[in-house]
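Note sheet for the following structure.
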Amino acid sequence: MAPHAPVPDLSLVIPVFNEERRLADSLLRLDGLADAVGVTAEVIVADDGSSDGTVEIARQFAATPGRRYTLRVVEIVHRGKGAAVRAGLREARAPVVGYCDVDLSAGLDALAALYDEVKGGADLAMASRGLADSILETRQPWYRERAGRVFNSMLRHLVDIPFRDTQCGLKLLSRKAADEILRHQRIDGFAFDAEMVVLAHRLDLDIREVPVRWSHDAASKVSMVRDSMAMSRDVVRIVRRLRVGKLQALGVPAAAALDVMTSSEKEHWWYVAKRLLIRRYWQAEPLSGRCIDIGCGGGAVLADAAGSMPAFGVDLSPRALEHGQSVGLSMLARAEAGALPFSDDSFSIAFALDVLEHHPSPERLLAEVRRILTDQGMFVVSVPAFQWMWSYADHVLGHYRRYTKPQLVAELTRAGFTIERATYFHSWLLPLAWLFRRMRSLTGRVESADDFAVHPVLNRLLLAVCRLEQRWLTTHEVPFGLSVLAVARPARRGAPAGAA
Numbered sequence: 041m042a043p044h045a046p047v048p049d050l051s052l053v054i055p056v057f058n059e060e061r062r063l064a065d066s067l068l069r070l071d072g073l074a075d076a077v078g079v080t081a082e083v084i085v086a087d088d089g090s091s092d093g094t095v096e097i098a099r100q101f102a103a104t105p106g107r108r109y110t111l112r113v114v115e116i117v118h119r120g121k122g123a124a125v126r127a128g129l130r131e132a133r134a135p136v137v138g139y140c141d142v143d144l145s146a147g148l149d150a151l152a153a154l155y156d157e158v159k160g161g162a163d164l165a166m167a168s169r170g171l172a173d174s175i176l177e178t179r180q181p182w183y184r185e186r187a188g189r190v191f192n193s194m195l196r197h198l199v200d201i202p203f204r205d206t207q208c209g210l211k212l213l214s215r216k217a218a219d220e221i222l223r224h225q226r227i228d229g230f231a232f233d234a235e236m237v238v239l240a241h242r243l244d245l246d247i248r249e250v251p252v253r254w255s256h257d258a259a260s261k262v263s264m265v266r267d268s269m270a271m272s273r274d275v276v277r278i279v280r281r282l283r284v285g286k287l288q289a290l291g292v293p294a295a296a297a298l299d300v301m302t303s304s305e306k307e308h309w310w311y312v313a314k315r316l317l318i319r320r321y322w323q324a325e326p327l328s329g330r331c332i333d334i335g336c337g338g339g340a341v342l343a344d345a346a347g348s349m350p351a352f353g354v355d356l357s358p359r360a361l362e363h364g365q366s367v368g369l370s371m372l373a374r375a376e377a378g379a380l381p382f383s384d385d386s387f388s389i390a391f392a393l394d395v396l397e398h399h400p401s402p403e404r405l406l407a408e409v410r411r412i413l414t415d416q417g418m419f420v421v422s423v424p425a426f427q428w429m430w431s432y433a434d435h436v437l438g439h440y441r442r443y444t445k446p447q448l449v450a451e452l453t454r455a456g457f458t459i460e461r462a463t464y465f466h467s468w469l470l471p472l473a474w475l476f477r478r479m480r481s482l483t484g485r486v487e488s489a490d491d492f493a494v495h496p497v498l499n500r501l502l503l504a505v506c507r508l509e510q511r512w513l514t515t516h517e518v519p520f521g522l523s524v525l526a527v528a529r530p531a532r533r534g535a536p537a538g539a540a
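As structure tokens, then:
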């Protein structure tokens, strides 16, 4: 894209995953977009980690002259349709943005109708198959239609929304509304459509359903069993978070949780154990460089490293930085992890401990870490493990996701890192945490995370168990755990990233 390319009227995101058979036809059909809608447009193919030729096809189309729209490609590691749409929307430049499925089941005339609604004042215009004026030329199988109705009815009842069809894969928004919704959205899978509508309703935005002429594509990849189960799980997440209480922007923990976290970092067994686990990695490094703690919280890791080398901390929360200053830390900056205020090759060691899951665009955060690290630098990262462990604690802490070890390795590799070590840890804690969180959830005690004060005797006992596990981890790995740790280095410039 030219550096001074004109801003289009409409940015349309097409999320894709292994769509080499359908993508080319869709991109050819979109040549009629300018005539159907009467606008200049950019199309953003948002690839969700395809393993076939999808990206190559998109890039070939982008390089082919004669297209009647601008075509760009955004790639992420496979996380789901919702994650791909969000990645595309963040790159969109137009005052009206949106997304549609690759099959274009609603057609270009529906795009024109939705565009007119947004230009006429709507914040969100969404195609709806549930309106009386909609025409379903080719219907879905009866069991899919029935499942969709049940899903929509359940959602309407639980979160009190009036809309007939939250799941139709065509929606347009004003740029301002999209930015506001993206601040709060976290579902990565198919239920992200429903989450978007519920969020827009909670934010009191102007939402309009638009009847459409719609044809089901038999090549649709939605699985009745797998995806229905995932959507049911995600509905629980949407309801738990949005049915009552105020909306909390993601990325930064709730104020009460942040206060507990920063005040307990020095002595609490969880934080002490994590510092002991990572300490042996950075202490083995030459001490001539500088280190940075991204998402430094109350500064306990920073204070630990500052005894050996110049140590800088960044955090998005002013509250966390105030706590760091209160314990004597001075080299602190308020910054967003995806836009670090440091020059290239500034640091020899970087920490991101339980930070990646807080960021809406982990690929952007990792690119920044890669940029500020020297070529011989070390990156130490930890994340919470397993999406099925999702609980109230993730809501309170402002998480977007949890990881498996392969997912974390894939994120780091794509960002240009070579993996030296990757392992689960807190293996002994996984079943206990699952049981504890379920019991707490049943009793309604879900307003804080799990890092509350414990009795000193219990604190020492839990820390001793962590030390035993860490001895094992010096020469072994464990196949599961409550968290994942990775130690990585920037791949050589021009060399492929991957495992060492």
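Going by this note's numbering, the first residue of the sequence shown is number 41, and it counts up by one from there.
Cβ coordinates follow ideal geometry from the N, Cα and C atoms, glycine included.
Taking the DSSP output, what are the residues bridged to residue i?
i: A425; result: Y443
i: V137; result: S51 and L213
i: E249; result: M166
i: F457; result: P530
i: I332; result: F352 and A390
i: D88; result: I116
i: L111; result: V83
i: F191; result: Paired residue(s): none; F191 is not in a bridge.
i: Y432; result: The partner list for Y432 (beta bridge, DSSP) is empty, contrary to what the question assumes.
i: F420; result: Note that residue 420 corresponds to Val in the displayed sequence, not to Phe. Answer is F391 and V527, bridged to V420.
i: A462; result: A526
i: V56; result: D87
With residue i as the anchor, note down where its alpha helix (DSSP H) starts and where it stops.
i: G543; result: This structure does not reach residue 543, given that the chain is present from 41 up to 540, and the question cannot be answered.
i: A64; result: L63 to R69
i: S366; result: P358 to S366
i: I201; result: Premise fails: I201 is in no alpha helix (DSSP H) and is neither H nor E.
i: G147; result: G147 to K159
i: F382; result: Segment: none, F382 is in no alpha helix (DSSP H) and carries neither H nor E.
i: K314; result: W309 to Q323
i: R99; result: T94 to A103
i: A45; result: No alpha helix (DSSP H) holds A45; DSSP gives it neither H nor E.
i: C208; result: Taken as a continuous stretch (DSSP letters only), C208 belongs to no alpha helix (DSSP H), as it is neither H nor E.
i: A493; result: First-last for A493: undefined, no H or E at that position.
i: R411; result: P402 to I412
Under 7 Å between the Cβ atoms of residue i and residue j?
i: Y109; j: A81; result: yes
i: G353; j: L372; result: yes
i: R315; j: V341; result: yes
i: V312; j: L503; result: yes
i: C140; j: L210; result: yes
i: V395; j: G335; result: yes
i: V136; j: L50; result: yes
i: L212; j: L154; result: yes
i: Y464; j: V518; result: yes
i: A528; j: F426; result: no
i: G339; j: L298; result: no
i: L405; j: A377; result: yes
i: D274; j: G337; result: no
i: A76; j: V85; result: no
i: G122; j: I278; result: no
i: E397; j: L380; result: no
i: S174; j: V252; result: yes
Assuming residue i and residue j form a contact by the criterion Cβ under 8 Å, report the distance between their Cβ atoms to the nearest whole angstrom.
i: L164; j: A234; result: Actually they are not in contact, since the Cβ atoms of L164 and A234 sit about 13 Å apart, beyond 8 Å.
i: A132; j: V53; result: 7 Å
i: R319; j: M349; result: The Cβ separation is near 13 Å, so there is no contact.
i: G93; j: I116; result: Wrong, their Cβ atoms sit about 17 Å apart, outside the cutoff.
i: V238; j: S168; result: Contact doesn't hold; Cβ gap of about 15 Å is too wide.
i: V142; j: S66; result: 5 Å
i: A455; j: E403; result: 6 Å
i: F382; j: G417; result: That pair is no contact at about 12 Å.
Could you tell me the boundaries of the beta strand (DSSP E) in which residue i lies?
i: R529; result: S523 to P530
i: S388; result: F387 to L393
i: R374; result: L372 to R374
Would you call residue i buried or exposed, if buried means 16 or more other Cβ atoms sit within 10 Å of its Cβ?
i: W428; result: exposed
i: A546; result: For residue 546 there is no data in the structure shown, the boundaries of the chain being 41 and 540.
i: L522; result: buried
i: G161; result: exposed
i: G120; result: buried
i: A149; result: A small correction: the amino acid at residue 149 is Asp; Ala does not occupy that position in the sequence shown. Exposed is the call here.
i: P202; result: exposed
i: V47; result: exposed
i: R511; result: exposed
i: E157; result: buried
i: P530; result: buried
i: G78; result: exposed
i: T453; result: buried
Does the beta carbon of residue i fall short of 6 Å from some heavy atom of the ligand MN?
i: R62; result: Looking for the ligand MN in the displayed structure turns up nothing, as the structure carries no ligands at all.
Using a Cβ-Cβ cut-off of 7 Å, state whether residue i counts as contacting chain D.
i: R319; result: Protein chains in the displayed structure number just one, and chain D is not present.
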